[in-house]
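In my numbering, the protein residues as written are -19 to 313.
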């Protein structure tokens, strides 16, 4: 019910008019409905602590929001992710393969779409997402998952799928996506690179990924290529000034009023629609509670992986999720 209610709120005025985003949310809601057990679910209190805290913090931010339409976007994302988390824990069968297959299938469609965009002349592909960074944040972790599978199974379909997702990330021209792919993929494949030529091949692929977007790294033709450093500084300053936050979805308006001073020949304030960091974005919008709500689940997951002696591929996926969250977008996808 929570997943369906969250999906229904996307019809709220201003919540979203983006069909691919609605389709992605519908997929998550459908997964929740399908895998939730028909008989009463047995969940321990500690299993529900993380999703419950996340939803409560998001609701607190929603009540303090000035624009309910923008706030609903973030609230829906939090509710859907939290209910999917609870559904996976409540399920008596392992549905992870099915959920992963659906996610990889959707990622494959967007990756192919991005490749076609690049082939017809687009400098940075975004496929069905709002911008290239959003697409890269979605594709990179899934690419790392499939890369880990491909290294272990060495089956042609898996290898081709991983190649498609990697090319999709490269097509976005996203620096955060490239870093997520390289760092996460490097960690995931570390246990499989036992021969020198394999490590050399990985280094060659890494060089290729970075060289494709060399102008982006150099900031050529883009005076704001590294403006996010100023945005992070301004965001932290605003968060310290507003310990309770500006309200869920209120970052853009708060920063429009405050402005972001940029260094250069002429100093002038600019605005930013988001913090280019989920950690800072949550801190600004929901205050110290928002900062804790973003950091604690990630630290909890890392602790679980360490205690369970997780494989390198699991750590690689966590890294690929963390990089866009720290320096770009992930939850806003």
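In this text, a Cβ means the ideal position worked out from N, Cα and C, and glycines have one as well.
Query - Local Cβ density within 10 Å of residue 84, reported as buried at 16 or more and exposed below that - result: Translated into positions along the chain shown, residue 84 becomes position 104. Buried is the call here.
Query raised in the report: Does the beta-carbon of residue 291 have 16 or more other beta-carbons within 10 angstroms, so that it is buried, or is it exposed?
Result: In the chain shown, the residue the question calls residue 291 occupies position 311. Classification for residue 291: exposed.
Query raised in the report: Distance, Cα to Cα, residue 230 vs residue 73?
Result: The sequence position of residue 230 within the chain shown is 250, counting from 1. The sequence position of residue 73 within the chain shown is 93, counting from 1. Taking the straight line from one Cα to the other gives about 40 Å.
Query raised in the report: On the three-pair Cβ rule with 8 Å, is the region 81 to 98 touching the region 106 to 122?
Result: yes
Query raised in the report: Looking at C-alpha atoms only, which residue of 151, 227, 235, 32 is the closest neighbour of residue 212?
Result: Here residue 212 is taken as the residue at index 232 of the chain shown, counted from 1. Comparing Cα-Cα distances from residue 212 to each of 151, 227, 235, 32, the minimum goes to 235.
Query raised in the report: If you follow the alpha helix (DSSP H) that residue 137 is part of, which residue opens it and which one closes it?
Result: In the chain shown, counting from the first residue as 1, residue 137 sits at position 157. Per DSSP, residue 137 belongs to the alpha helix (DSSP H) from 136 to 152.
Query raised in the report: Is the region 267 to 279 in contact with the region 34 to 53, if contact means three or more CB pairs nearer than 8 Å?
Result: Contact check between the region 267 to 279 and the region 34 to 53: three or more CB pairs, one atom from each, fall below 8 Å, which counts as touching.
Query raised in the report: By Cβ distance below 7 Å, which residues in the same chain neighbour residue 362 in space, the five residues on each side in sequence not counted?
Result: The requested residue 362 is not part of the displayed model; the chain covers only -19 to 313.
Requested in this report: Out of 207, 232, 261, point me to the one whose CA is closest to residue 223's CA.
Outcome: Counted from its first residue, the chain shown places residue 223 at position 243. Across the set 207, 232, 261, the C-alpha of 261 shows the shortest separation from the C-alpha of residue 223.
Query - Rounded separation between residue 115 and residue 82 - CA only - result: Taking the chain shown and counting its residues from 1, the one referred to as residue 115 is at position 135. Taking the chain shown and counting its residues from 1, the one referred to as residue 82 is at position 102. Whole-angstrom Cα-Cα distance: 16 Å.
Query raised in the report: Should residue 117 go down as buried or exposed, given a rule of 16 or more other Cβ atoms within 10 Å for buried?
Result: By 1-based counting over the chain shown, the position of residue 117 is 137. Flag for residue 117 reads buried.
**Report entry** Beta-carbon gap between residue 163 and residue 299 smaller than 8 Å
**Finding:** One-based indexing of the chain shown puts residue 163 at position 183. One-based indexing of the chain shown puts residue 299 at position 319. Yes, Cβ-Cβ distance for residue 163 and residue 299 is below 8 Å.
Query raised in the report: Nearest to residue 128 by alpha carbon, out of 94, 168, 97?
Result: Counting from 1 along the chain shown, the entry for residue 128 is found at position 148. Cα-wise, what sits closest to residue 128 is 168.
**Report entry** Proximity of residue 331 and residue 308 at Cβ, strictly below 8 Å
**Finding:** Residue 331 lies beyond the stretch modelled for the chain, which goes from -19 to 313, so this question has no answer here.
Query raised in the report: Contact check, residue 51 vs residue 16 under 8 Å by CB: the rounded distance?
Result: Residue numbering aside, residue 51 sits at position 71 when the chain shown is read from its first letter. Residue numbering aside, residue 16 sits at position 36 when the chain shown is read from its first letter. The pair is not a contact, with the Cβ atoms about 27 Å apart (cut-off 8 Å).
Query raised in the report: Hey, how far is the Cα of residue 208 from the Cα of residue 76?
Result: Taking the chain shown and counting its residues from 1, one reaches residue 208 at position 228. Taking the chain shown and counting its residues from 1, one reaches residue 76 at position 96. When rounded, the distance between both Cα atoms is 36 Å.
Query raised in the report: What separation, rounded to the nearest whole angstrom, lies between the Cα atoms of residue 254 and residue 286?
Result: Numbered from 1 along the chain shown, position 274 holds the residue referred to as residue 254. Numbered from 1 along the chain shown, position 306 holds the residue referred to as residue 286. Rounded to the nearest angstrom, the two C-alpha atoms are 32 Å apart.
Query raised in the report: Under the rule that 16 or more other beta-carbon atoms within 10 Å means buried, what is residue 258, buried or exposed?
Result: If you number the chain shown from 1, residue 258 lands on position 278. Looking at its Cβ environment, which holds 16 or more other Cβ atoms inside 10 Å, residue 258 is buried.
Query raised in the report: Taking DSSP as the reference, what is the three-state secondary structure of residue 303?
Result: For the purposes of this step, residue 303 is identified with residue 323 of the chain shown, where counting begins at 1. In the structure shown, residue 303 sits in a helix (DSSP, three-state: H, G or I).
Query raised in the report: Going by alpha carbons, who is nearest to residue 296 out of 220, 170, 280, 279?
Result: On the chain shown, residue 296 is found 316 positions in, with the first residue counted as 1. Answer by Cα proximity: 170.
Query raised in the report: Hey, how far is the Cα of residue 275 from the Cα of residue 146?
Result: Here residue 275 refers to the residue found at position 295 when the chain shown is read from its first residue. Here residue 146 refers to the residue found at position 166 when the chain shown is read from its first residue. One C-alpha to the other measures close to 28 Å.
**Report entry** Segment limits, alpha helix (DSSP H) that includes residue 29
**Finding:** Working through the chain shown from its first residue, we reach residue 29 at position 49. Run containing residue 29: 25 to 43, per the alpha helix (DSSP H) assignment.
Query raised in the report: Would you report the Cα separation of residue 232 and residue 113, rounded to the nearest angstrom?
Result: Numbered from 1 along the chain shown, position 252 holds the residue referred to as residue 232. Numbered from 1 along the chain shown, position 133 holds the residue referred to as residue 113. Residue 232 and residue 113: Cα-Cα distance of roughly 18 Å.
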